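Peer 1: Here it is: the structure, laid out below.
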């Protein structure tokens, strides 16, 4: 009678430690044979963190696992990494403990046990230089959101005074809109004088603008308008400082010689950085990501600041797209597909690629034709995700293999799609005992 052997888990990392991150203190667990007190609590003060590192070094720990709790993990992570430890930032879903037994001590011990058996994998985190670039890029996005809120306040103040400027000018924060609003704040009330400030490209006539500027100039609404414009300008100054910082950081990260030989020009777009971002991105990546239809300099900056130009951490394009959360899900039970929806994620690079995919709605490129075909087959959110999936694969191929993206055009894509459809129809007809004949030959 054959004996059944029981498979056991082997220790993969005998020198592993687990840290339960908190806002005020951190609980650390090391192997039980390393110290008489294998679980200790350390406050979140810097001096206490130094003691934590000293204790881990004395216990011969070389690998540490911790959860990404808020932003409290960042000082611990950076300190441990600078001291030579291998730090794994793990997903909280992967370390869920048995229900009913939840405490800080048990959590750090559970992390240490899972890490020692090699059951945890660290999350992707780019290099320190890219992390610094990401922080400034996210700060710039936050300033843009705050500035946009004050644009809404300006529109609200104008509407309360029944100044219907937004109904005749598409963008009140454009050149014409700002001239008129600033003149109102300066004390001008004559609608005819204000209408003469319009730019030649404004389609609305002066008579329409005069009608829209006939409102009730109440003092409280004028005060609100003045304060909203002052805050808008204040955020504009901080955005210029962010652009200068981004330009300085990108200049340091230049890796490819000759990238700055091209004449520099400001990036297009109302909210785009006011320097030649495209040239700096080419110098950083070695390829021009903006050649991909739908991806502008702002989208390319968002992706590079979140992932970095080195994607060697991802073994394949499939793994990269899965990390972005742009691939179909695999929720299968009993051989039945319960759901194939992509996982919910707050990945900023994926959000930028989705916006780039939605911008291909009227593009006459091959990617535009692909997006419209996906819209015909699926609903629009799924079509956007599928197109963003394709954009992510193109970015991965360009950053890992080099080369330039060449758009074959809408006609080329439609012809290739027609050939594929005809090929599959011919094979299906052959299996059914028929043969497809073109209309011209039959006639």
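In our numbering, the protein residues as written are 168 to 610. Cβ atoms here follow ideal geometry from the backbone N, Cα and C, with glycine treated the same way. These figures come from a predicted structure and were not determined experimentally.
(1) As an exercise, report each continuous alpha helix (DSSP H) stretch of at least 4 residues that is fully enclosed by the region 492-554, in chain order.
(2) Please name the residue in 247, 239, 218, 214 whose C-alpha comes closest to that of residue 230.
(3) I believe residue 444 touches residue 420 by the beta-carbon criterion, under 8 Å. Please report the beta-carbon distance rounded to the nearest angstrom.
(4) Assign residue 490 to one of two classes, buried (16 or more other C-beta atoms within 10 Å of its C-beta) or exposed (fewer than that).
(5) What residues in its chain sit with their C-beta under 8 Å from that of residue 279, if we drop five residues either side in the sequence?
(6) If you draw a straight line from the alpha carbon of residue 592 to that of residue 584, how long is it in whole angstroms?
(7) Whole-angstrom Cβ separation of residue 550 and residue 538, contact assumed at under 8 Å?
(8) Since residue 208 sits in a beta bridge, which residues does DSSP pair it with?
(9) Taking its Cβ as the centre, do 16 or more other Cβ atoms sit within 10 Å of residue 472, making it buried, or is it exposed?
(10) If distances are taken between C-alpha atoms only, which option among 258, 256, 225, 273 comes closest to residue 206?
(11) For residue 332 versus residue 398, is the C-beta spacing smaller than 9 Å?
(12) Looking only at DSSP bridge pairs, what is residue 296 linked to?
(13) Where does residue 407 land, buried or exposed, given buried means 16+ other C-beta within 10 angstroms?
(14) Can you look up residue 282 in the DSSP assignment and give me helix, strand or coil?
(15) Using the C-alpha atoms, what's the distance from residue 244 back to residue 254?
(16) When you compare the CB positions of residue 235 and residue 290, do they come within less than 9 Å of one another, or not?
(17) In angstroms with no decimal places, state the Cα-to-Cα distance between residue 454 and residue 475.
(18) Output the distance between the C-alpha atoms of residue 176 and residue 283, rounded to the nearest integer angstrom.
(19) Counting pairs of Cβ atoms below 8 Å between the region 498-515 and the region 562-577, do you hit three or more?
(20) Under a Cβ-count criterion, where at least 16 other Cβ atoms within 10 Å of its own Cβ denotes burial, should residue 277 be classed as buried or exposed?
(21) Pop quiz: residue 460 and residue 492 are said to be a contact at Cβ under 8 Å. What is the actual Cβ separation, rounded to whole angstroms?
(22) Measure the Cβ-Cβ separation of residue 545 and residue 553 and say whether it is below 9 Å.
(23) Taking the Cβ atom as the reference point for each residue, do residue 351 and residue 339 lie within a distance shorter than 9 Å?
(24) Cβ atoms of residue 287 and residue 257: under 9 Å apart, would you say?
(25) Candidates 531, 530, 524: which alpha carbon is nearest residue 547's?
(26) Is residue 241 helix, strand or coil when you go by DSSP?
(27) Comparing C-alpha positions only, which one of 305, 307, 587, 341 sits nearest to residue 318?
(28) Quick one: residues in its chain with C-beta nearer than 7 Å to the C-beta of residue 285, no 5 flanking neighbours on either side, listed in chain order?
(29) Check this for me: beta carbons of residue 346 and residue 364, under 9 Å apart or not?
(30) Taking the alpha carbon of residue 414 as the point to measure from, which residue in 396, 220, 323, 439 has its own alpha carbon closest?
(31) What's the C-alpha gap between residue 458 and residue 570?
(32) Out of 315, 556, 261, 323, which one is the CA nearest neighbour of residue 387?
(33) Quick one: what's got a C-beta closer than 7 Å to residue 362's C-beta in the same chain, skipping five residues either side?
(34) For residue 427, which three-state DSSP category applies?
Peer 2: On the basis of the coordinates in this document:
(1) Along the region 492-554, the alpha helix (DSSP H) occurs as fully enclosed runs of 4 or more residues at 515-525, 533-544, listed in sequence order.
(2) Checking every option, the nearest Cα to that of residue 230 belongs to 247.
(3) In this structure residue 444 does not touch residue 420 by the C-beta definition: roughly 13 Å separates them, more than the 8 Å allowed.
(4) Under a 10 Å Cβ-count criterion, residue 490 is classified as buried, with 16 or more other Cβ atoms of the shown protein chains found around its own Cβ.
(5) Here the set comprises 183, 184, 185, 196, 197, 198, 232.
(6) Straight-line Cα distance between these residues: approximately 12 Å.
(7) Between residue 550 and residue 538, the beta carbon gap of about 6 Å places them in contact (Cβ cut-off 8 Å).
(8) Its beta-bridge partners are 194.
(9) Counting Cβ neighbours within 10 Å, residue 472 comes out buried, since at least 16 surround it.
(10) Out of 258, 256, 225, 273, 273 has the C-alpha closest to the C-alpha of residue 206.
(11) Taking 9 Å as the Cβ cut-off, residue 332 and residue 398 do not qualify as a contacting pair.
(12) Looking at the DSSP assignment, residue 296 forms no beta bridge with any residue, so it has no partner.
(13) Its Cβ having fewer than 16 others within 10 Å, residue 407 is exposed.
(14) In the structure shown, residue 282 sits in a helix (DSSP, three-state: H, G or I).
(15) For residue 254 and residue 244, the distance between alpha carbons rounds to 7 Å.
(16) In contact: residue 235 and residue 290 (Cβ atoms closer than 9 Å).
(17) Inter-residue distance for residue 454 and residue 475 is about 13 Å (C-alpha atoms, whole angstroms).
(18) Take the alpha-carbon of residue 176 and the one of residue 283: they are about 10 Å apart.
(19) Counting Cβ pairs under 8 Å, fewer than three are found: no touch.
(20) Residue burial annotation: residue 277 is buried, with at least 16 other C-beta atoms found within 10 angstroms of its C-beta.
(21) The pair is not a contact, with the Cβ atoms about 22 Å apart (cut-off 8 Å).
(22) Contact flag set, yes.
(23) Taking 9 Å as the cut-off, the beta carbon of residue 351 is found no closer than this to the beta carbon of residue 339.
(24) Yes, the pair counts as a contact, with Cβ atoms nearer than the cut-off.
(25) Selected option, being the one with the closest Cα: 524.
(26) Three-state result, residue 241: helix.
(27) The residue from 305, 307, 587, 341 with its alpha-carbon nearest to that of residue 318 is 341.
(28) Cβ within range, chain order: 179, 180.
(29) Result yes, Cβ atoms of residue 346 and residue 364 sit closer than 9 Å.
(30) Comparing Cα positions, the closest option is 439.
(31) Straight-line Cα distance between these residues: approximately 11 Å.
(32) Nearest neighbour of residue 387 by Cα position, chosen from 315, 556, 261, 323, turns out to be 323.
(33) In the same chain as residue 362, and ignoring 5 residues on each side of it, the C-beta atoms closer than 7 Å to its own belong to 373, 376, 377, 380, in chain order.
(34) Confidence at residue 427 is low in this model, with a pLDDT of 47, below 50, so its placement is unreliable and no value can be given for it.
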